[in-house]
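S.K.: The sequence shown begins at 1 in UniProt numbering and counts up by one.
The beta-carbon is built from N, C-alpha and C at its ideal position, and this holds for glycine as well.
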Amino acid sequence: MAHNSSAITGIELEQFMDRLEAQQQEQETDALLAQLQAQPLQADSLASIDRLHTLWMQAGDSAAARAVIDQDGDALVQAAPEPARAELMMNLAILRLRVANYLDDEPTLIEVLGQLEQMATQTLDFNVEHYRRYRIFDDLERASCEIALKTIEVRYALTLGNPARAALRAWDAADQYQRRARVLAHHDRNEEARSAALEAVNAVRTAGPDQDIDEGDWLWLGNSLIEIIPLRLALFEQPIAQLTAGRSLPQRREWEVRTARLAARALHAQGDLAGALNICNAAALSLDSDGGNNFIEYELPWLMEAGRIDEAGFRAFIDVYDRQTELWPATARLVLDRLQDPDERSAWWPICVMRACITEEVLQSFLQALPSIETSESATTPLLAALSLAMEDLQAGDALYTEARAEAVRRAPDHPWITRLAAVHDAEHGLIDAATEASLLQNAIQAGRMQDNRSAFSLFAARINSQGIIEALKAPKPVLSCGKHAYNYALGIEDLAEAEADKLPPDARDQAYSLLREAQRDAYEQGQAHMERYFASGSGHPYDACAHLYSMLCNNLAINYRYYNPIRYEDAIELHTRGIAASPFAEHYNGLLSARISLEDLPGIIDAAEQLWHYSAEFGYSRHNPDEYVASVAYALYKLDRDNEILIWLERLLKWQEEQGVSDQQLDSSALFARIQVARYLAHAHPDNADSLWQRYQPAVLSLNEVSVMSASVDFLKARGRAAEAIDYCARTLALCAPDDDYDIRCRARIEQILSELQAPAQPAGKKNWWQIWK
Numbered sequence: 001m002a003h004n005s006s007a008i009t010g011i012e013l014e015q016f017m018d019r020l021e022a023q024q025q026e027q028e029t030d031a032l033l034a035q036l037q038a039q040p041l042q043a044d045s046l047a048s049i050d051r052l053h054t055l056w057m058q059a060g061d062s063a064a065a066r067a068v069i070d071q072d073g074d075a076l077v078q079a080a081p082e083p084a085r086a087e088l089m090m091n092l093a094i095l096r097l098r099v100a101n102y103l104d105d106e107p108t109l110i111e112v113l114g115q116l117e118q119m120a121t122q123t124l125d126f127n128v129e130h131y132r133r134y135r136i137f138d139d140l141e142r143a144s145c146e147i148a149l150k151t152i153e154v155r156y157a158l159t160l161g162n163p164a165r166a167a168l169r170a171w172d173a174a175d176q177y178q179r180r181a182r183v184l185a186h187h188d189r190n191e192e193a194r195s196a197a198l199e200a201v202n203a204v205r206t207a208g209p210d211q212d213i214d215e216g217d218w219l220w221l222g223n224s225l226i227e228i229i230p231l232r233l234a235l236f237e238q239p240i241a242q243l244t245a246g247r248s249l250p251q252r253r254e255w256e257v258r259t260a261r262l263a264a265r266a267l268h269a270q271g272d273l274a275g276a277l278n279i280c281n282a283a284a285l286s287l288d289s290d291g292g293n294n295f296i297e298y299e300l301p302w303l304m305e306a307g308r309i310d311e312a313g314f315r316a317f318i319d320v321y322d323r324q325t326e327l328w329p330a331t332a333r334l335v336l337d338r339l340q341d342p343d344e345r346s347a348w349w350p351i352c353v354m355r356a357c358i359t360e361e362v363l364q365s366f367l368q369a370l371p372s373i374e375t376s377e378s379a380t381t382p383l384l385a386a387l388s389l390a391m392e393d394l395q396a397g398d399a400l401y402t403e404a405r406a407e408a409v410r411r412a413p414d415h416p417w418i419t420r421l422a423a424v425h426d427a428e429h430g431l432i433d434a435a436t437e438a439s440l441l442q443n444a445i446q447a448g449r450m451q452d453n454r455s456a457f458s459l460f461a462a463r464i465n466s467q468g469i470i471e472a473l474k475a476p477k478p479v480l481s482c483g484k485h486a487y488n489y490a491l492g493i494e495d496l497a498e499a500e501a502d503k504l505p506p507d508a509r510d511q512a513y514s515l516l517r518e519a520q521r522d523a524y525e526q527g528q529a530h531m532e533r534y535f536a537s538g539s540g541h542p543y544d545a546c547a548h549l550y551s552m553l554c555n556n557l558a559i560n561y562r563y564y565n566p567i568r569y570e571d572a573i574e575l576h577t578r579g580i581a582a583s584p585f586a587e588h589y590n591g592l593l594s595a596r597i598s599l600e601d602l603p604g605i606i607d608a609a610e611q612l613w614h615y616s617a618e619f620g621y622s623r624h625n626p627d628e629y630v631a632s633v634a635y636a637l638y639k640l641d642r643d644n645e646i647l648i649w650l651e652r653l654l655k656w657q658e659e660q661g662v663s664d665q666q667l668d669s670s671a672l673f674a675r676i677q678v679a680r681y682l683a684h685a686h687p688d689n690a691d692s693l694w695q696r697y698q699p700a701v702l703s704l705n706e707v708s709v710m711s712a713s714v715d716f717l718k719a720r721g722r723a724a725e726a727i728d729y730c731a732r733t734l735a736l737c738a739p740d741d742d743y744d745i746r747c748r749a750r751i752e753q754i755l756s757e758l759q760a761p762a763q764p765a766g767k768k769n770w771w772q773i774w775k
């Protein structure tokens with residue numbers, strides 16, 4: 001690299017740039033420029049070129065910035081080894097693109113894009129994948145039509161230069177065409193846009209069997225192109241239906257929602273607003289378990305476009321009410337827009353603000369989405385003034401709530417949602433007692449037909465505060481309108497109810513817990529019924545369509561069936577099976593195994609354990625603990641005369657222990673118990689393996705000196721016919737049994753029985769036991 005001996009370079013340059021970047025926020029552009037011009041600077045690495053040219057651009061000297069890229073960049077390329085030069089040149093070209101784009105220098109953009117395209121057609125010995133994803137290409141696709149189309153060609157050329165994408169060639173071709181179609185449509189070249197869109201579809205439709213194309217790719221293409229070719233909806237619907245035909249019913253319903261969204265957008269693009277809104281009954285269903293992914297970005301603007309203001313207000317309110325900090329930012333902006341309209345009469349807009357004031361976090365999310373409010377206008381209202389003040393100071397949230405409530409009451413004095421929100425607010429601020437809150441909430445819920453989990457939870461909490469946990473749980477159970485509300489209510493009441501129950505005497509505490517599990521079971525069963533009705537019919541509540549939510553609900557209800565009266569293991573197994581079909585996760589497989597163990601279903605235990613092991617290995621399960629079930633599996637294999645398979649599970653167990661980084665000395669009692677049990681069931685068919693396992697863990701058994709592990713050791717030694725040692729371990733076990741512990745009492749009785757058997761006189765030789773007479 002040519003070097004100016006007087007130039008600052010290397011580490012000295014890096015330190016100089018560190019100082020400039022640190023000072024940048026505090027100094028004027030002229031000061032930055034003066035410091036850059038004070039002495040020669042020479043960047044000697046790609047990172048330094050990037051930093052230095054950026055500083056020159058920030059100082060307003062684009063010529064100097066370009067000189068850094070051209071001169072220092074050329075010197076860097078010349079000094080680099082031949083294999084590294086191609087990638088260096090590509091990086092320098094990207095920097096030139098960024099400068100030219102900032103300067104709106106179209107001739108240079110065209111020139112550099114041409115250079116990049118030529119580079120991409122050469123054989124490259126570096127990974128080009130991340131280059132095609134650079135944000136500069138996204139920026140340039142929003143530039144003039146000529147620049148955008150050329151950028152698409154360059155991106156595609158970079159894609160073709162990556163041999164690792166051989167199975168994605170059809171997708172890449174479709175991507176190129178759909179990008180062209182959107183650019184052409186943006187520039188009103190509609191006929192060319194439609195032609196490019198059809199080329200994109202054809203690229204996917206004609207993909208060979210070696211190409212990786214699935215229903216997700218068809219949906220991606222439809223989402224990109226449906227407004228350009230709205231009459232060709234079937235081109236997307238049909239392959240999606242074919243590719244998802246083998247999915248479970250909950251999953252197929254999700255795909256129907258996705259294609260309904262395409263259909264709604266197609267109708268809107270054709271000018272059929274009413275038709276598009278009608279399809280929202282099927283399209284605006286949430287596909288996320290938290291209520292997100294719900295098509296609001298289309299439905300809400302369409303409601304406004306159709307003049308259905310009150311419906312739009314309610315839709316906006318539900319977004320603020322349910323989504324809270326995750327609300328769609330445009331919802332907040334629409335609320336402000338409607339509040340600024342002097343002719344607006346709907347109460348939903350100030351009610352939205354009331355709800356946004358529920359917590360500081362929710363209010364902050366709401367306010368951050370708003371543009372600045374001009375409070376000097378003659379049309380400014382007290383509510384708008386309060387909004388403006390809250391944007392500057394979140395501590396003004398109480399005043400904002402007061403103004404929002406006053407405006408909402410002015411517009412709709414008897415609105416049940418005003419009563420419902422105000423009751424919770426007033427109780428939290430000590431303005432009303434819990435009994436009054438509960439009464440107001442109950443009346444509002446009935447008047448407004450509120451069947452959501454938040455309203456039900458608020459009423460439950462108010463009843464606890466006014467009547468106590470037992471009476472609150474004995475009160476009529478809430479009617480919940482959908483799977484999401486049922487799931488969240490059952491989950492939401494748990495912590496509160498358990499905390500209150502734990503304050504009670506033992507008998508009352510047990511009663512409270514029993515009532516809680518009954519209340520949760522009722523809620524989960526409501527949710528299950530709602531969601532399964534939707535899956536069967538294809539129509540239902542907006543929060544009944546998410547397959548993963550259904551799977552989580554099935555899991556929680558199955559847990560209830562497995563552990564709380566009345567115990568229903570078979571129903572739990574059915575729920576876990578349905579959950580796996582809808583959206584599998586490891587807890588379902590763990591639950592299946594637990595139920596099979598409880599039923600003593602030996603073949604079922606083995607199958608369920610295999611499923612859990614392999615699912616956890618493939619997808620991960622942070623709570624996977626083979627110590628909890630390996631003894632049951634070993635027992636099942638032993639009883640079914642499949643002893644050889646116990647060795648497979650032993651190998652898995654020991655490898656898992658090694659992967660966890662747990663030494664034998666660190667094993668707790670349950671882990672040691674499991675290993676000794678495995679040794680016991682190996683004793684019959686594989687005595688050498690059993691003895692080896694015992695020899696490995698005996699020191700830990702003696703060191704831990706715990707009753708359950710000692711008891712298991714007795715069983716192992718007895719199974720191996722090592723009577724003297726077994727008698728010794730019987731004594732050790734009995735010495736550990738506490739007189740007042742239920743487990744220890746049962747353990748003592750069992751060990752005493754074994755001890756008496758071991759100490760019984762030996763039978764005379766040749767004399768058969770009575771049960772051997774007929775052998």
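What did DSSP end up calling residue 41 once you bin it into helix, strand or coil?
M.R.: In the three-state scheme derived from DSSP, where H, G and I count as helix and E and B as strand, residue 41 is classed as strand.
S.K.: Mapping the DSSP letters down to three states, classify residue 94 as helix, strand or coil.
M.R.: helix
S.K.: How would you label residue 22, buried or exposed, when you count the other beta carbons within 10 angstroms and need 16 or more for buried?
M.R.: exposed
S.K.: Between the stretch 146 to 166 and the stretch 189 to 199, can you find at least three pairs of beta-carbon atoms closer than 8 Å?
M.R.: no
S.K.: Can you tell which of 685, 751, 207 has its C-alpha closest to the C-alpha of residue 713?
M.R.: The shortest C-alpha separation from residue 713 is found at 751.
S.K.: Answer yes or no: do residue 554 and residue 578 have a C-beta to C-beta separation smaller than 8 Å?
M.R.: yes
S.K.: Comparing alpha-carbon positions, which option in 122, 167, 166, 168 lies nearest residue 154?
M.R.: 122
S.K.: Please state if the CB of residue 609 and the CB of residue 569 are separated by a distance shorter than 8 Å.
M.R.: no
S.K.: In chain order, which beta strand (DSSP E) runs of at least 3 residues are fully inside the stretch 225 to 265?
M.R.: none
S.K.: Just verifying my parser: in three-state terms, what is the DSSP assignment at residue 213?
M.R.: coil
S.K.: Closest by CA to residue 526, which one among 485, 508, 506?
M.R.: 485
S.K.: Determine contact between the stretch 457 to 475 and the stretch 499 to 513, defined as no fewer than three beta-carbon pairs at a distance below 8 Å.
M.R.: yes
S.K.: Using CA coordinates, which residue listed in 692, 347, 680 is at the minimum distance from residue 709?
M.R.: Proximity to residue 709 across 692, 347, 680 peaks at 680, based on C-alpha coordinates.
S.K.: Do the CB positions of residue 266 and residue 226 come within less than 8 Å of each other?
M.R.: Their beta carbons are under 8 Å apart, which means residue 266 touches residue 226 by this criterion.
S.K.: My understanding is that residue 285 touches residue 262, with C-beta atoms under 8 Å, so please give their C-beta distance in whole angstroms.
M.R.: That pair is no contact at about 14 Å.
S.K.: For residue 464, which three-state DSSP category applies?
M.R.: helix
S.K.: With 16 other CB atoms within 10 Å as the buried threshold, where does residue 489 fall?
M.R.: buried
S.K.: According to DSSP, simplified to helix, strand and coil, what is residue 559?
M.R.: For residue 559, the three-state secondary structure derived from DSSP is helix.
S.K.: For the stretch 556 to 563 and the stretch 534 to 545, state whether three or more C-beta atom pairs, one from each stretch, are separated by less than 8 Å.
M.R.: At 8 Å Cβ cutoff, the stretches do not touch.
S.K.: CA-CA distance, residue 29 and residue 54?
M.R.: 13 Å
S.K.: Output the residue ranges of the alpha helix (DSSP H) runs that lie fully inside the stretch 130 to 178 and measure 4 residues or longer, sorted by chain position.
M.R.: As far as the stretch 130 to 178 is concerned, its whole alpha helix (DSSP H) runs of at least 4 residues are 135 to 140, 145 to 160.
S.K.: Please classify residue 659 as buried or exposed, where buried requires at least 16 other C-beta atoms within 10 Å of its C-beta.
M.R.: exposed
S.K.: Is the CB-CB distance between residue 632 and residue 624 below 8 Å?
M.R.: no
S.K.: Between the Cα of residue 581 and the Cα atoms of 203, 248, 590, 341, which residue gives the shortest distance?
M.R.: 248
S.K.: Output the distance between the C-alpha atoms of residue 128 and residue 45, rounded to the nearest integer angstrom.
M.R.: 20 Å
S.K.: Specify the secondary structure class of residue 296 as computed by DSSP and reduced to three states.
M.R.: helix
S.K.: Residue 573 bridges to which residues according to DSSP?
M.R.: Paired residues: none, contrary to the question.
S.K.: I'd like the list of long-range same chain contacts for residue 396, defined as Cβ closer than 6 Å, with 5 residues on each side in sequence excluded.
M.R.: 389, 390
S.K.: Pick helix, strand or coil for residue 432, following the three-state DSSP scheme.
M.R.: coil
S.K.: Within its chain, find whatever has a CB closer than 7 Å to the CB of residue 627; leave out the 5 residues flanking it on each side and keep chain order.
M.R.: 670, 671, 674
S.K.: Could you name the residues of the same chain whose beta carbon sits closer than 7 Å to that of residue 704, not counting the 5 residues immediately before and after it, in chain order?
M.R.: 669, 672
S.K.: When the Cα of residue 650 is compared with those of 336, 661, 718, 677, which residue comes out closest?
M.R.: Checking every option, the nearest Cα to that of residue 650 belongs to 677.
S.K.: Can you tell me whether residue 8 is helix, strand or coil according to DSSP?
M.R.: strand
S.K.: What residue from 271, 269, 272, 299 has the CA that sits closest to residue 282's CA?
M.R.: 299
S.K.: Per DSSP, what kind of secondary structure is residue 378 in: helix, strand or coil?
M.R.: Confidence is the limiting factor: at residue 378 the pLDDT is only 47, short of 50, which leaves the residue's position unreliable, though a coordinate-based value still follows. Here residue 378 sits in coil by DSSP.
S.K.: Suppose you measure from the CA of residue 638 to the CA of residue 515; what does that come to, to the nearest Å?
M.R.: 41 Å
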